[in-house]
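K.L.:
In the numbering used here, the protein residues as written are 9 to 421.
1) With the cut-off set at 9 Å, would you say residue 220 and residue 164 are in Cβ contact?
2) Is the beta carbon of residue 73 closer than 9 Å to that of residue 230?
3) Using three-state DSSP, classify residue 210 as helix, strand or coil.
4) For residue 403, is the classification buried or exposed, using 16 other Cβ atoms within 10 angstroms of its Cβ as the cut-off for buried?
5) What are the uninterrupted segments assigned as alpha helix (DSSP H) that are 4 or more residues long and contained completely in the stretch 107–161, given in chain order?
6) Have a look at residue 199 and residue 275 and give me their C-alpha separation to the nearest angstrom.
7) According to DSSP, simplified to helix, strand and coil, what is residue 274?
8) Does the beta-carbon distance from residue 132 to residue 125 come in below 9 Å?
9) So, with DSSP's three-state summary, where would you put residue 401?
10) Along the chain, where does the beta strand (DSSP E) that runs through residue 326 open and close?
11) Ignore the nearest five residues each way along the sequence and tell me which others in residue 370's own chain have a CB closer than 6 Å to its CB.
12) In chain order, what residues of the same chain have a beta carbon less than 7 Å from the beta carbon of residue 294, not counting five sequence neighbours either side?
13) Tell me whether residue 102 sits in a helix, a strand or coil according to DSSP, three-state version.
14) What first and last residue would you give for the beta strand (DSSP E) that runs through residue 228?
15) Could you tell me if residue 412 is buried or exposed, where buried requires 16 or more neighbouring beta carbons within 10 angstroms of its beta carbon?
16) Rounded C-beta distance between residue 27 and residue 40? I'm assuming under 8 Å.
17) What number of angstroms, rounded off, separates the C-alpha of residue 395 from the C-alpha of residue 384?
18) Okay, do the stretch 198–215 and the stretch 102–109 touch, 3+ Cβ pairs below 8 Å being the bar?
19) My output table needs one value for residue 410: the three-state DSSP class, helix, strand or coil.
20) Tell me the rounded alpha-carbon separation between residue 368 and residue 48.
21) Return the chain-ordered list of same chain residues with a C-beta closer than 7 Å to the C-beta of residue 330, the five sequence neighbours on each side being excluded.
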């Protein structure tokens with residue numbers, strides 16, 4: 009693995025912005041990719057014959073539109089292959105194989121699931137959250153050139169997900185749970201230390217907005233962006249989506265660690281101007297007001313990520329909360345003593361581990377979207393056998409007779 013993808017340039021870090029027509033046909037996407045790469049001075053010139061090039065998209069969900077454009081992946085794979093490289097388009101789960109089955113991309117790249125690759129145990133130098141050795145697929149550490157190809161999305165916990173958070177998908181199958189257990193904001197920065205990205209090409213031909221990953225909607229935007237620096241790209245696309253970079257804790261952390269600029273003052277935007285292509289991305293809900301009397305929410309001490317997660321979960325389950333006939337108490341954040349607990353109880357976040365016997369416990373900082381099943385369980389709603397593995401119930405209520413049945417990895421978001 010090349011330890012450093014590219015030396016940090018003196019002065020502002022270049023980020024290229026290009027536009028795509030509303031149809032986003034293959035030729036239009038290819039032209040936009042060509043444009044942004046030219047604006048960066050052809051970063052693929054560093055790819056040589058026999059190099060192993062990994063392209064990492066967002067492509068682990070079957071829901072239409074919730075993925076990086078296959079045409080964008082084709083454009084990147086074709087160009088890297090033309091330089092004599094062995095190209096791999098790789099993502100966790102097997103969903104990308106279904107989506108790309110029969111696609112012309114196969115002429116230029118192998119489509120592989122990280123779940124099928126041999127694992128390497130690695131220690132991340134300088135990690136602040138993932139401080140213990142972790143298992144990652146061999147391609148992640150062995151490739152010669154790494155290209156991130158994220159889709160721009162809102163996010164109910166970290167506000168916005170793009171270049172940096174895309175690397176959470178380096179972890180195969182169920183092991184993405186590690187990131188939430190360790191604290192997602194710092195952990196995703198650690199993953200970017202483990203696997204620096206030589207090039208990032210962002211797909212904003214369509215974006216996901218609203219209450220993602222619990223729900224979310226597709227919106228056509230018609231943009232492609234690229235940079236040799238993932239932090240600079242995320243700063244720029246945050247501005248394009250009218251999100252302030254300082255709102256994103258992982259960008260603040262990455263800047264403190266010397267990984268990229270803190271704001272647009274440290275970016276040289278090439279091509280389209282930010283103000284000309286900016287749009288307001290509809291964010292996930294943040295209102296923690298209970299939907300009715302009898303739903304008691306105590307989250308004053310919770311971290312921002314857990315508060316946002318809880319607001320998004322309450323929005324997702326709004327109708328079920330209204331229909332629940334009893335009282336429900338939800339607690340999030342560190343407390344010395346629990347508040348008065350009325351009705352069934354749900355404890356949200358790692359900070360409440362010591363009180364886990366008081367109710368349904370959802371671990372993580374923040375929990376994952378699938379763990380909203382714990383709230384439904386507390387309201388007496390049915391959950392699948394697979395969902396039941398994603399939260400803890402008090403020992404007195406646990407059923408120890410059943411055999412655990414794990415969810416499909418693509419559900420673990």
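Ideal Cβ positions, reconstructed from N, Cα and C, are used throughout, including at glycine.
P.N.:
From the atom records:
1) yes
2) no
3) strand
4) exposed
5) 146–150
6) Computed Cα separation, rounded: 23 Å.
7) helix
8) no
9) coil
10) Premise fails: residue 326 lies in the alpha helix (DSSP H), 326–331, not in any beta strand (DSSP E).
11) Taken in chain order, the residues that qualify are 356, 379, 382 and 399.
12) So the qualifying residues of the chain are 316 and 319.
13) DSSP places residue 102 in coil when its eight states are reduced to three.
14) 225–235
15) Reliability fails at residue 412, whose pLDDT of 45 lies under 50, so the model's placement of it is uncertain and no value is given.
16) 7 Å
17) So the two alpha carbons sit approximately 10 Å from each other.
18) no
19) Bear in mind that the predicted position of residue 410 carries a pLDDT of just 47, short of 50, making it too unreliable to give a figure here.
20) 51 Å
21) 299 and 300
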